[in-house]
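Have a look at the structure below before the remarks.
Chains as they are written, first to last, in our numbering: chain A, 4 to 242; chain B, 311 to 635; chain C, 347 to 642.
Put into structure tokens, the structure is as follows:
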């Protein structure tokens, strides 16, 4: 059952084709890895999926309902939650409040939001910083916080944009643990990452993009040994 | 229990208590301040406190640094002034009308500047404010232009005005406190801190930005209308950019994005300016200088000093994340 | 013939506006802020030119560069003392750097206006003309000798600035910083110095405009307010950070105002610019020549 369907999405920035007829689906409960060299269009695709950019052609369908053109906040309320490549938290709000914002915005009653936020903070080992302003956190802790924001209300699909980039192994493990745990409970993920070991470990299926187009979409092991993919990452000689 | 600011609920409560403390002090002042002139000075301070609180809501808590606060005060004053001048409307009609009209215009401005930030927002609101002032100034047949309008009074005794204005101020402050403690407060701050992230978390950006503009304008309009009936005179000078400068000074000096900051700042700055008036009108120089110094070195304003003093008296210091993480 | 007269007058005014606007545009290009005290640089220039000539009896040709230098000094000082928090890494104002700039330059403007008002006095001073000839006729067009001379000087200075930014060592550093601050500093460019130079240049140009126009618009403490607003309009219209854009927009505004004052309304002539500003900010916030940048 397709949760998210991307159909022939293209995007141009001036003369540059950032996305070229991208088509794939993420089924309910799947944990799909999205890999590809820098500049391949992964973040552009995520920006379109989460409402920050408009596709020039093609459409995106969530649970059978077209979502192209909806604003980010509307998409969030439909269950499309994301992380940003450059971590975004609310620096002058406490860690707790950071989570409460999203809880309330997505419809949780205050008491329930408070309870869930504290649980999440516990899971993310951020309890000691609960009342500190997010701006006082280290980079890795902010990433954890942003990561946690995606799960205040279980999303239909979580779009994670390089959550493991430049992060301490302990934190990486915490996030991976949460992903594993929630995936087992049926959470759908689209995980963008360069961290191959994690992709291999977590994602049964991987999609590889290069120069705006999807060049591979199969079981992860197969993708990683696909000569087209290797060429994209390492150049012709290595293929 | 140690008094620390770790818990934001605690922090907001302490700020509210502080504000109420200031109000209590001001309420008791007429016992010592018998002079009607100085009571008047305090009343005008309350007018500024309302404008400052309104601007703080918009700029300090929602991050929209509009340069139009004085314009909305002027609009409120003129709505009630014009209604009484042309239609003999009583203040009890004029004042609510001022609030509604100011709110409507604030709503409109908010919609217009939705996509603008930082300098673009400042420029647009500045232009809007100047256009408002110029229109009022030039529409001589309707507004008598720079000559201003005479406005009927409301209360016979100055002390009545004193406590009515104070009462309105207290209500406004309490309202703001509850607003900021509610989910709405989280949304506004999120918009201030990172609008893009806020959208991705489901916050309705358009709705809350517009609400902030509307509410801020409504409060300013109310302040202006009340002031109009107190001073019994309104003129386009109410909307001068230098008036906005004074309002901004009050908030920055008192403490941007704090509850007591704009209130304390307003009283301090205005009363001090009256004292300095006797020394030859150096007030604006001093305040501008203070704003520069505070903005440059003490972003939290005077409130920041209080906060740090209070924290130092607490038994437990705020926990600091260890470097190893 | 009225048309030619209005057009040429408009263009001349446009040249002076350009002196104001180009500095502002440069500042925006480098620091991404609007300097709300820009009008006060104009004011300082007007006063320096007028008062030095008045009190020391020196020829205005000598006090003109004095005004330029005064503006440069003020600009430099402003950047060094107040603009540090805009550089990344300064914790206190963090994400609200733009707002910091708004507040601090706004306060600076208030400070300067009132300082001059108190120290020098609220009365206006009429600047000395550069040239004694009061009326010059070129075909159907008539203007005062000073106005023409001033326009000529403005044009020369504008060309000089253009050449400086385009071809000189520091000019190219400035262009680099404007395009990519981080990249420029990684390449070894002293971005702080570039910012200081730009602020100084901007102050100098505005002061020059104030000086050149002081025989026409007397030097008073708040004389800078009008030119400042015009320059904001121009900078937005031309696209913040685009020098050719600012130049073209200045000329357009000058001509528009010239015609508008005569054909539409004299009393509201200052609102044209404001309305244009709002329209542009709403519909084409990147101006006629500016560039969009990627946000997310």
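Ideal Cβ positions, reconstructed from N, Cα and C, are used throughout, including at glycine. All values derive from a computational prediction rather than experimental measurement.
Residue i and residue j closer than 8 Å at C-beta
i                      : j                      : result
residue 480 of chain C : residue 491 of chain C : yes
residue 37 of chain A  : residue 92 of chain A  : no
residue 573 of chain C : residue 385 of chain C : yes
residue 193 of chain A : residue 160 of chain A : yes
residue 365 of chain C : residue 533 of chain C : no
residue 596 of chain C : residue 580 of chain C : yes
residue 496 of chain C : residue 397 of chain C : no
residue 521 of chain C : residue 507 of chain C : no
residue 593 of chain B : residue 586 of chain B : yes
residue 523 of chain C : residue 505 of chain C : no
residue 367 of chain B : residue 383 of chain B : no
residue 582 of chain B : residue 357 of chain B : no
residue 444 of chain C : residue 429 of chain B : yes
residue 558 of chain B : residue 601 of chain B : yes
residue 377 of chain B : residue 334 of chain B : no
residue 562 of chain B : residue 607 of chain B : no
Chain A contact for residue i (CB, 8 Å cutoff)
i                      : result
residue 334 of chain B : no
residue 614 of chain B : no
residue 626 of chain B : The predicted model places residue 626 of chain B with a pLDDT of 47, which falls under 50 and marks its position as unreliable; any figure quoted below should be read in that light. It does not: the Cβ of residue 626 of chain B has no partner Cβ on chain A nearer than 8 Å.
residue 519 of chain B : no
residue 513 of chain B : yes
residue 499 of chain B : yes
residue 572 of chain B : no
residue 510 of chain B : yes
residue 506 of chain B : yes
residue 496 of chain B : yes
Other residues of its chain near residue i: CB distance less than 6 Å, five sequence neighbours each side excluded
i                      : result
residue 181 of chain A : none
residue 395 of chain B : 459
residue 453 of chain B : 446
Beta-carbon proximity list for residue i, same chain, < 8 Å, skipping 5 on both sides
i                      : result
residue 434 of chain B : 422, 423 and 426
residue 567 of chain C : 389, 459, 460, 462, 463, 466 and 468
residue 550 of chain B : 380 and 443
residue 352 of chain C : 601, 604, 605 and 608
residue 599 of chain C : 360, 363, 576, 579, 580, 583, 619 and 622
residue 224 of chain A : 203
Contact with chain B by residue i, beta-carbon distance below 8 Å
i                      : result
residue 85 of chain A  : yes
residue 563 of chain C : no
residue 68 of chain A  : no
residue 242 of chain A : Unreliable positioning characterises residue 242 of chain A in this predicted model, as indicated by a pLDDT of 48, which lies under 50. A coordinate reading is not provided.
residue 536 of chain C : no
residue 96 of chain A  : yes
residue 79 of chain A  : yes
residue 126 of chain A : no
residue 65 of chain A  : no
residue 134 of chain A : yes
residue 511 of chain C : no
residue 74 of chain A  : yes
residue 464 of chain C : yes
residue 91 of chain A  : yes
Test: residue i CB closer than 8 Å to a CB of chain C
i                      : result
residue 437 of chain B : yes
residue 441 of chain B : yes
residue 422 of chain B : yes
residue 383 of chain B : no
Contacts around residue i, its chain only, beta-carbon distance under 7 Å, and the 5 residues preceding and following it disregarded
i                      : result
residue 53 of chain A  : 75, 78, 83, 85 and 162
residue 635 of chain B : At residue 635 of chain B, the pLDDT of 34 sits below 50, so the modelled position is not reliable and the matter cannot be decided from this model.
residue 373 of chain B : 501 and 502
residue 509 of chain B : 515
residue 489 of chain B : 495
residue 544 of chain C : 372, 373, 376 and 520
(request) Please go through the segment 567-606 of chain C and give each complete alpha helix (DSSP H) segment of 4 or more residues, from N-terminal end onward. (result) As far as the segment 567-606 of chain C is concerned, its whole alpha helix (DSSP H) runs of at least 4 residues are 571-584.
(request) Specify whether the segment 52-68 of chain A and the segment 97-113 of chain A touch according to this definition: at least 3 beta carbon pairs, one from each stretch, less than 8 Å apart. (result) Taking a contact to require three or more Cβ pairs closer than 8 Å, the segment 52-68 of chain A and the segment 97-113 of chain A do not qualify as touching.
(message) Is it the case that the segment 405-423 of chain C contacts the segment 534-550 of chain C, given that we only count it when at least three CB pairs across the two stretches are under 8 Å?
(response) Output reads yes: the segment 405-423 of chain C touches the segment 534-550 of chain C.
(request) Decide yes or no for the touch test of the segment 457-477 of chain B against the segment 331-350 of chain B: beta carbon pairs closer than 8 Å, at least 3 of them. (result) Taking a cut-off of 8 Å on C-beta distances, the segment 457-477 of chain B touches the segment 331-350 of chain B, as three or more cross pairs fall below it.
(request) For the segment 548-582 of chain B, list the alpha helix (DSSP H) runs that are entirely contained and at least 4 residues long, ordered along the chain. (result) Counting whole runs of 4 or more residues, the segment 548-582 of chain B contains the alpha helix (DSSP H) stretches 551-564.
(request) Please confirm if the segment 164-171 of chain A is in contact with the segment 113-125 of chain A, defined as three or more CB-CB distances below 8 Å between the two stretches. (result) These segments do not touch.
(request) Return the chain-ordered ranges of every beta strand (DSSP E) run that is complete within the segment 446-521 of chain C and spans a minimum of 3 residues. (result) Taken in chain order, the unbroken stretches of beta strand (DSSP E) that lie wholly in the segment 446-521 of chain C and span 3 residues or more are 482-484 and 487-489.
(message) With a threshold of 8 Å, are at least 3 pairs of Cβ atoms found where one atom belongs to the segment 170-180 of chain A and the other to the segment 9-23 of chain A?
(response) Judged by Cβ distances under 8 Å, the segment 170-180 of chain A makes no contact with the segment 9-23 of chain A, as fewer than three pairs qualify.
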